[in-house]
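These notes concern the structure reproduced below.
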Amino acid sequence: MNATYTPTMKATLGLLLAQSRILRALACGTVLQGAPAELIDRLDVGPEVFRAALQDLVEGGWIFVTTTPDG
Numbered sequence: 043m044n045a046t047y048t049p050t051m052k053a054t055l056g057l058l059l060a061q062s063r064i065l066r067a068l069a070c071g072t073v074l075q076g077a078p079a080e081l082i083d084r085l086d087v088g089p090e091v092f093r094a095a096l097q098d099l100v101e102g103g104w105i106f107v108t109t110t111p112d113g
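Next up, the structure:
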């Protein structure tokens, strides 16, 4: 992990909940696939918290994310 890494938003209960739901979904080898709106609905988290949680987990080296040419 980079020593200059800082979280994208303050660690709130919502952010921690979103991160735990993402990690729990991935723990069984599942690939989360779909548009952000679909994933937000599936994980039952808010859009701002979802994006911050994803960014935080990627920057922390816990997960990686790829996008398709259509976004």
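Per the working numbering, the sequence shown starts with residue 43, numbered consecutively.
Note that beta-carbon positions come from the ideal geometry of N, C-alpha and C, so glycine has one too.
Return the CA-CA distance between residue i and residue j, expressed in angstroms with no decimal places.
{"i": "Val73", "j": "Pro111", "result": "18 Å"}
{"i": "Glu101", "j": "Leu55", "result": "19 Å"}
{"i": "Leu96", "j": "Ile64", "result": "8 Å"}
{"i": "Asp83", "j": "Phe92", "result": "10 Å"}
{"i": "Ala77", "j": "Val87", "result": "14 Å"}
{"i": "Tyr47", "j": "Ala53", "result": "Because the pLDDT of Tyr47 is 43, which lies under 50, any placement of that residue in the model is unreliable, and the question is left without a value."}
Counting along the chain, where does the alpha helix (DSSP H) carrying residue i start and finish?
{"i": "Val91", "result": "89-101"}
{"i": "Ala67", "result": "55-69"}
Nearest by alpha-carbon distance to residue i: which of the options is it?
{"i": "Thr109", "options": "Leu85, Gln75, Glu90", "result": "Gln75"}
{"i": "Ala79", "options": "Leu57, Ala69, Glu90, Cys70", "result": "Glu90"}
Any idea what DSSP makes of residue i, helix, strand or coil?
{"i": "Pro78", "result": "helix"}
{"i": "Asp86", "result": "coil"}
Within 10 angstroms of the Cβ of residue i, are there 16 or more other Cβ atoms? Answer buried if so, exposed if not.
{"i": "Val107", "result": "exposed"}
{"i": "Ala60", "result": "buried"}
{"i": "Leu85", "result": "buried"}
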